[in-house]
Amino acid sequence: MSRRPSTALELAYARTEAITREQARNFYYGIRLLPPAKRSALCAVYALARRIDDIGDGDAGGDPGTEAKLAALGRVRESVRRAREQDPDASDAVLVAVTDAARRYPIPLGAFDELVDGVEADVRMDDVPGESAPYATFDDMVGYCRQVAGSVGRLCLGIFGSRPDPRAPGFADALGIALQQTNILRDIREDLQNGRIYLPTEELARFDVDLRLDEHGNLVDKTGGLAELIRFSAARAREWYADGLRLVPLLDRRSAACATAMAGIYRQLLDDIAADPPSVYHQRRSLSGRQKIGVAVKALAGRAPGGAGA
2 MSRRPSTALE LAYARTEAIT REQARNFYYG IRLLPPAKRS ALCAVYALAR
52 RIDDIGDGDA GGDPGTEAKL AALGRVRESV RRAREQDPDA SDAVLVAVTD
102 AARRYPIPLG AFDELVDGVE ADVRMDDVPG ESAPYATFDD MVGYCRQVAG
152 SVGRLCLGIF GSRPDPRAPG FADALGIALQ QTNILRDIRE DLQNGRIYLP
202 TEELARFDVD LRLDEHGNLV DKTGGLAELI RFSAARAREW YADGLRLVPL
252 LDRRSAACAT AMAGIYRQLL DDIAADPPSV YHQRRSLSGR QKIGVAVKAL
302 AGRAPGGAGA
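Read in order, the letters of the sequence shown correspond to residues 2 to 311 in the working numbering.
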């Protein structure tokens with residue numbers, strides 16, 4: 002039987018691990034492959050990232066409105082800044098764990114600022130009716146993805162560590178961006194229901210897509226243009242995965258397994274969506290628990306998505 006946490010720091014880490022176990026439906030399959038110290042540190046990072054996301058989505062105590070969300074995000078930004086300069090609020094288990102993790106590993110805490118920037122963009126989007134996408138081009142969308150997901154990739158890299166290579170942060174960034182592109186394709190319907198559009202205006206026009214919902218809340222695609230756009234976007238996202246997975250050979254075995262498992266779950270989801278784009282018109286696609294375990298087992302064996310060795 003494992004020993005119960007007793008110190009304030011142990012309790013803080015226990016809290017962030019519980020948050021991750023309960024809420025990281027995909028990431029936890031990879032995180033659990035890490036050795037205990039790195040696993041605890043990554044759970045702390047995830048818990049703070051989740052707090053930021055939940056504020057943006059209105060899941061942190063209801064939906065208080067745009068100004069209240071922006072104020073709450075500002076408080077998180079300030080709390081991270083203070084934690085970098087002095088001891089965090091002892092009553093905030095998440096910040097206590099993150100601050101300790103940053104003392105143990107070279108975690109770029111400034112990346113949380115980028116994550117807050119991206120979530121602030123989401124919140125401001127809520128004030129604009131979903132008549133048009135706020136991102137005119139794919140490059141614009143990538144900028145957003147870099148804020149909300151590339152930042153997380155770089156935070157993870159601080160915990161993983163890597164062989165000396167100046168390209169490593171760029172690979173971690175690309176992997177996060179690939180995962181976010183998958184999220185965008187998976188969540189087109191749900192995002193539109195919430196008044197958010199992430200697909201670039203330029204590409205919606207190129208594929209003659211008029212993003213809208215029918216009376217049942219399902220996506221409408223009378224011409225097939227949306228399905229074509231999804232397949233096109235998925236093929237492009239695979240290129241980002243290929244670039245990002247160049248990080249894997251630079252990592253130790255357990256960190257490589259973690260990164261490969263997380264990427265593998267999302268890459269499999271991407272392939273499933275590309276094989277049947279209309280499936281996202283009426284539901285939120287996901288892999289089964291058995292499928293996720295299968296990906297994690299392959300990752301631990303050193304098998305990267307697409308069959309490449311890790």
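The beta carbon of each residue, even a glycine, is placed where N, CA and C say it ideally should be. Every value quoted in this text rests on a predicted model; they were computed, and no experiment measured them.
Presumed contact (8 Å Cβ cut-off) between residue i and residue j, rounded CB distance
{"i": "Val210", "j": "Leu230", "result": "6 Å"}
{"i": "Ala50", "j": "Leu116", "result": "6 Å"}
{"i": "Leu271", "j": "Thr183", "result": "5 Å"}
{"i": "Ile178", "j": "Trp241", "result": "6 Å"}
{"i": "Val46", "j": "Ile108", "result": "7 Å"}
{"i": "Ile266", "j": "Val296", "result": "5 Å"}
{"i": "Leu176", "j": "Gly245", "result": "3 Å"}
{"i": "Leu212", "j": "Leu193", "result": "6 Å"}
{"i": "Asp123", "j": "Pro201", "result": "Not confirmed; about 16 Å, so no contact."}
{"i": "Val97", "j": "Ala38", "result": "Val97 to Ala38, Cβ: 16 Å. No contact."}
{"i": "Asp114", "j": "Thr67", "result": "Not really, about 20 Å apart at Cβ, beyond 8 Å."}
Assigned secondary structure, residue i (DSSP; H/G/I helix, E/B strand, else coil)
{"i": "Leu214", "result": "strand"}
{"i": "Leu220", "result": "strand"}
{"i": "Thr67", "result": "helix"}
{"i": "Glu132", "result": "Only weak support is given to the placement of Glu132: the predicted model assigns it a pLDDT of 48, under 50, and the value that follows is read from those uncertain coordinates. Of the three classes helix, strand and coil, the one that applies to Glu132 here is coil, per DSSP."}
{"i": "Ala91", "result": "coil"}
{"i": "Ile294", "result": "helix"}
{"i": "Asn195", "result": "coil"}
{"i": "Arg190", "result": "helix"}
{"i": "Arg164", "result": "coil"}
{"i": "Gln284", "result": "coil"}
Residue i - containing alpha helix (DSSP H), residue span
{"i": "Tyr267", "result": "254-276"}
{"i": "Ala302", "result": "Where Ala302 is concerned, there is no enclosing alpha helix (DSSP H), given that its DSSP letter is neither H nor E."}
{"i": "Tyr14", "result": "9-24"}
{"i": "Gly245", "result": "226-245"}
{"i": "Leu288", "result": "First-last for Leu288: undefined, no H or E at that position."}
{"i": "Phe161", "result": "152-161"}
{"i": "Leu176", "result": "169-187"}
{"i": "Arg207", "result": "202-207"}
Test: residue i CB closer than 9 Å to a CB of chain B
{"i": "Gly159", "result": "Chain labels in this structure do not include chain B; a single protein chain is all it has."}
Heavy atom of the ligand NAD within 8 Å of residue i beta-carbon
{"i": "Arg83", "result": "Among the components modelled here there is no ligand, and therefore nothing to report on the ligand NAD."}
Complete alpha helix (DSSP H) runs within the region 31-64 (minimum length 4 residues, chain order): The region 31-64 contains these whole alpha helix (DSSP H) runs: 37-58.
Uninterrupted alpha helix (DSSP H) stretches inside the region 100-145 (no shorter than 4 residues): The region 100-145 contains these whole alpha helix (DSSP H) runs: 112-126.
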